[in-house]
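**Student:**
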Amino acid sequence: MTTPKKLFIKTYGCQMNVYDSERMAESLGGQGYVETSNAEEADMILLNTCHIREKAAEKVYSELGRLKGFKTHNPELKIGVTGCVAQAEGAEIMRRQPAVDLVVGPQSYHRLPQMEARVRAGHTALDTDFPAEDKFEALKGRKGPARAPSAFLTVQEGCDKFCAFCVVPYTRGAEASRPVARVLEEARQLVERGVREITLLGQNVNAYHGAGLDGSDQSLAQLIWALNDIDGLERIRFTTSHPNDMSDDLIEAHGTCEKLMPYLHLPVQSGSDRILKRMNRSHTAESYLRVIERIRAARPDIVMSGDFIVGFPEETEADFQATLDLIEAVNYGYAYSFKYSTRPGTPAAERAQVAGDEADERLQRIQALITRQQQAIQNAMVGRDLRVLVEKIGRKPGQMVGKSEYLHAVHIENSDAAIGDIVRVKATEAKRNSLSAVKRS
Ligand code: 5AD
Ligand code: SF4
Numbered sequence: 001m002t003t004p005k006k007l008f009i010k011t012y013g014c015q016m017n018v019y020d021s022e023r024m025a026e027s028l029g030g031q032g033y034v035e036t037s038n039a040e041e042a043d044m045i046l047l048n049t050c051h052i053r054e055k056a057a058e059k060v061y062s063e064l065g066r067l068k069g070f071k072t073h074n075p076e077l078k079i080g081v082t083g084c085v086a087q088a089e090g091a092e093i094m095r096r097q098p099a100v101d102l103v104v105g106p107q108s109y110h111r112l113p114q115m116e117a118r119v120r121a122g123h124t125a126l127d128t129d130f131p132a133e134d135k136f137e138a139l140k141g142r143k144g145p146a147r148a149p150s151a152f153l154t155v156q157e158g159c160d161k162f163c164a165f166c167v168v169p170y171t172r173g174a175e176a177s178r179p180v181a182r183v184l185e186e187a188r189q190l191v192e193r194g195v196r197e198i199t200l201l202g203q204n205v206n207a208y209h210g211a212g213l214d215g216s217d218q219s220l221a222q223l224i225w226a227l228n229d230i231d232g233l234e235r236i237r238f239t240t241s242h243p244n245d246m247s248d249d250l251i252e253a254h255g256t257c258e259k260l261m262p263y264l265h266l267p268v269q270s271g272s273d274r275i276l277k278r279m280n281r282s283h284t285a286e287s288y289l290r291v292i293e294r295i296r297a298a299r300p301d302i303v304m305s306g307d308f309i310v311g312f313p314e315e316t317e318a319d320f321q322a323t324l325d326l327i328e329a330v331n332y333g334y335a336y337s338f339k340y341s342t343r344p345g346t347p348a349a350e351r352a353q354v355a356g357d358e359a360d361e362r363l364q365r366i367q368a369l370i371t372r373q374q375q376a377i378q379n380a381m382v383g384r385d386l387r388v389l390v391e392k393i394g395r396k397p398g399q400m401v402g403k404s405e406y407l408h409a410v411h412i413e414n415s416d417a418a419i420g421d422i423v424r425v426k427a428t429e430a431k432r433n434s435l436s437a438v439k440r441s
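Counting from 1, position 376 in the sequence shown corresponds to residue 376 in the UniProt record's numbering; the numbering is continuous, with no gaps.
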């Protein structure tokens, strides 16, 4: 028996990268690789990278500088860069860091096995194509035990919206949706592996329109209803959505589909109509608030989540104040705020930039407000009955850890539950980033 080769993957960025990393590991499994959590013993290291902000992209080069040293101890080690930096920078990565053997973009990683053979033969391998064939068709089915009872499943990729700050349309390509039959097949495979919750992923997931079982165009809501019929699948979530694609049937599903969880990530980026226009967002603050009003009418207890950029070019104090006002109006359970990062090749990169210290100060103010809201919403869960999907064993004896329907982390004390169980609990205490709970009698 040959000893398996070891694969170490480090994932940066979004949940789609987490999904892609799993698929890459599975695909290299066919080449005799098993995963390791120790980079030093790896025969292949892949950095699955993110290009969304400059910091994320630069981290990759400092990590590569560190990893190249491992080659002195293990001359067989191969290093690869995958994901959005690979797509954006291609061969430039190998020029900047010659220790890199392999560069593959997010749309061509199904070719990794052939590329691996090439690098093992002593060559370098580069592939940043947007191939005509569908990578998902080329990848094998999902086999083996699930890593966790909650899994990601990519149903849509790419973006046609071209927000002025964003690299995604360039790194992930044009919008494309997987056919309903393929999504159902993968979801069933995941459930057979022990998965109870699936988060449908797409850069614009609610713009999903895939071929249905009868060939007709199906919306995300229709896909969710089809998934709802899978026995053993208990929870459905989806992310990330665009406000303009919150269609009537999707809003309605939040009120009527029991498996669809009461949590929605709906980025708005700014509360100033002037800035939203300059961002090419094609919606206003008011239209965003109206969408949320309709979602809350369908599902009053829904927890809202959002993304914000501060210090976008030309943003004034008044524009920023409008963003704070919008946050006050929405009351977010979760929100993520970022300082604008200039991305070469995007329209906003050419415009007058906000001074760094001013953007830093705005970031602090927005984060203080968001933290206040998040904590208040989490604290309001104390005393309530929740249903928790148990994901892992806790640190304290008898403690199990999972997520509520609202996505709060919950520590269940003195629990006899197993990983994968869905337990009815009563929240007893709110900590900084989690709730404590006991089993409901
Ligand atoms: N600078 C800062 N934040 C950005 N985002 C996207 N592009 C940039 C950028 N150039 C943020 C947006 C998006 C999230 C994934 O990252 O808020 O919703
Ligand atoms: Fe980063 Fe966007 Fe690529 Fe995800 S899709 S890895 S967020 S650049």
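For every residue, glycine included, the Cβ atom is placed at its ideal position computed from N, Cα and C.
Between Leu-47 and Ala-91, is the Cβ-Cβ spacing less than 8 Å?
**Tutor:** No; because the gap between Cβ atoms is not below 8 Å, this pair is not in contact.
**Student:** Pull every residue with its beta-carbon under 6 Å away from any heavy atom of the ligand 5AD, and keep them in chain order.
**Tutor:** Output, sorted by chain position: Ile-52, Arg-53, Phe-165, Cys-166, Pro-267, Gln-269, Asp-307, Ile-309, Phe-338, Tyr-340, Ser-341 and Arg-343.
**Student:** Look up Ile-393 in the DSSP assignment and say whether it is helix, strand or coil.
**Tutor:** Three-state result, Ile-393: strand.
**Student:** Sort Met-16, Gly-210, Ser-305 and Lys-140 by Cα distance to Ser-177 and report the nearest one.
**Tutor:** For the residues Met-16, Gly-210, Ser-305 and Lys-140, the minimum Cα distance to Ser-177 belongs to Gly-210.
**Student:** Could you pull out every residue in the same chain whose Cβ sits closer than 8 Å to the Cβ of Leu-139, ignoring the five residues on either side in sequence?
**Tutor:** Same-chain partners within the cutoff: Arg-23, Glu-26, Ser-27 and His-110.
**Student:** Go to Glu-35, then tell me how far its beta strand (DSSP E) extends in each direction, as first and last residue.
**Tutor:** 33 to 35 is the extent of the beta strand (DSSP E) around Glu-35.
**Student:** Quick check on Leu-233: does DSSP put it in helix, strand or coil?
**Tutor:** Reduced to three states, the DSSP call for Leu-233 is coil.
**Student:** Measure the alpha-carbon distance for Tyr-336 versus Tyr-12 and round it to whole angstroms.
**Tutor:** Each residue's Cα considered, the two are about 16 Å apart.
**Student:** Report the rounded CA-to-CA distance for Val-167 versus Cys-159, giving the unit in angstroms.
**Tutor:** Distance between the alpha carbons of Val-167 and Cys-159 is about 10 Å.
**Student:** Using CA coordinates, which residue listed in Gly-122, Cys-84 and Ala-57 is at the minimum distance from residue 442?
**Tutor:** This structure does not reach residue 442, given that the chain is present from 1 up to 441, and the question cannot be answered.
**Student:** For Val-81, list the residues DSSP reports as bridge partners.
**Tutor:** Answer is Leu-47 and Val-103.
**Student:** Which one of Arg-95, Val-100 and Lys-135 has the shortest CA to CA distance from Pro-113?
**Tutor:** Nearest C-alpha to Pro-113: Lys-135.
**Student:** Is it the case that the stretch 285 to 294 contacts the stretch 360 to 374, given that we only count it when at least three CB pairs across the two stretches are under 8 Å?
**Tutor:** Cβ pair count under 8 Å is below three, so no.
**Student:** Going residue by residue through the stretch 130 to 212, where are the continuous beta strand (DSSP E) segments of at least 3 residues, counting only ones entirely within it?
**Tutor:** Runs found: 150 to 154, 197 to 201 and 209 to 211.
**Student:** Taking Trp-225 and Ala-207 to be in contact with their CB atoms under 8 Å, please state how far apart those CB atoms are, rounded to whole angstroms.
**Tutor:** The Cβ separation is near 18 Å, so there is no contact.
**Student:** Check the Cβ-Cβ distances between Asn-331 and every residue of chain C, and say whether any is below 8 Å.
**Tutor:** Checking the listed chains, one finds no chain C in this structure; it contains a single protein chain.
**Student:** How big is the Cα-Cα spacing for Val-104 and Ala-132?
**Tutor:** Between Val-104 and Ala-132, the C-alpha separation is close to 16 Å.
**Student:** Starting from Gly-402, trace the beta strand (DSSP E) both ways and give me its first and last residue.
**Tutor:** It spans 400 to 403 - the beta strand (DSSP E) in which Gly-402 sits, taken as one unbroken run.
**Student:** Suppose the cutoff is 8 Å on Cβ atoms and the five residues either side in sequence are ignored; what does the same chain contact list for Thr-342 look like?
**Tutor:** These residues qualify, in order along the chain: Glu-54, Ala-348, Ala-349 and Gln-353.
**Student:** Can you name the start and end residues of the alpha helix (DSSP H) that Ser-287 belongs to?
**Tutor:** That run of the alpha helix (DSSP H) goes 285 to 298.
**Student:** Give the range of the alpha helix (DSSP H) segment to which Gln-353 is assigned.
**Tutor:** It is not in any alpha helix (DSSP H) - Gln-353 carries neither H nor E in the DSSP assignment.
**Student:** In three-state DSSP terms, what is Ser-241?
**Tutor:** Reduced to three states, the DSSP call for Ser-241 is coil.
**Student:** In whole angstroms, what separates the C-alpha of Leu-7 from that of Ala-187?
**Tutor:** The straight-line gap from Cα to Cα measures roughly 26 Å.
**Student:** Excluding the 5 residues preceding and the 5 following residue 464 in the sequence, name in chain order all residues of the same chain whose CB lies nearer than 7 Å to its CB.
**Tutor:** This structure cannot settle anything about residue 464, because the visible part of the chain is limited to 1 through 441.
**Student:** Could you pull out every residue in the same chain whose Cβ sits closer than 8 Å to the Cβ of Leu-184, ignoring the five residues on either side in sequence?
**Tutor:** Excluding residues within five positions, the ones whose Cβ falls inside 8 Å are Ala-226, Leu-227 and Ile-230.
**Student:** Rounded to a whole number of angstroms, what is the C-alpha to C-alpha distance between Ala-181 and Leu-213?
**Tutor:** Approximately 6 Å, taken between the alpha carbons.
**Student:** Take Asn-244 and list the residues in its own chain whose beta-carbon comes closer than 7 Å to its own, dropping the five residues that flank it on each side.
**Tutor:** Answer for Asn-244: Ser-282 and His-283, listed in chain order.
**Student:** Run through DSSP, which three-state label would Ser-341 get?
**Tutor:** Coil at Ser-341, not helix or strand.
**Student:** How big is the Cα-Cα spacing for Ile-93 and Val-100?
**Tutor:** Distance between the alpha carbons of Ile-93 and Val-100 is about 7 Å.
**Student:** Using 10 angstroms around the beta-carbon of Thr-240, count the other beta-carbons present and answer buried if the total reaches 16, otherwise exposed.
**Tutor:** Classification for Thr-240: buried.
**Student:** Excluding the 5 residues flanking Arg-118 on each side, which residues of the same chain have their C-beta closer than 6 Å to its C-beta?
**Tutor:** Excluding sequence neighbours, Arg-118 sits near Ala-125.
**Student:** Considering only the beta carbon of each residue, do Gly-271 and Ala-285 sit closer than 8 Å?
**Tutor:** In contact: Gly-271 and Ala-285 (Cβ atoms closer than 8 Å).
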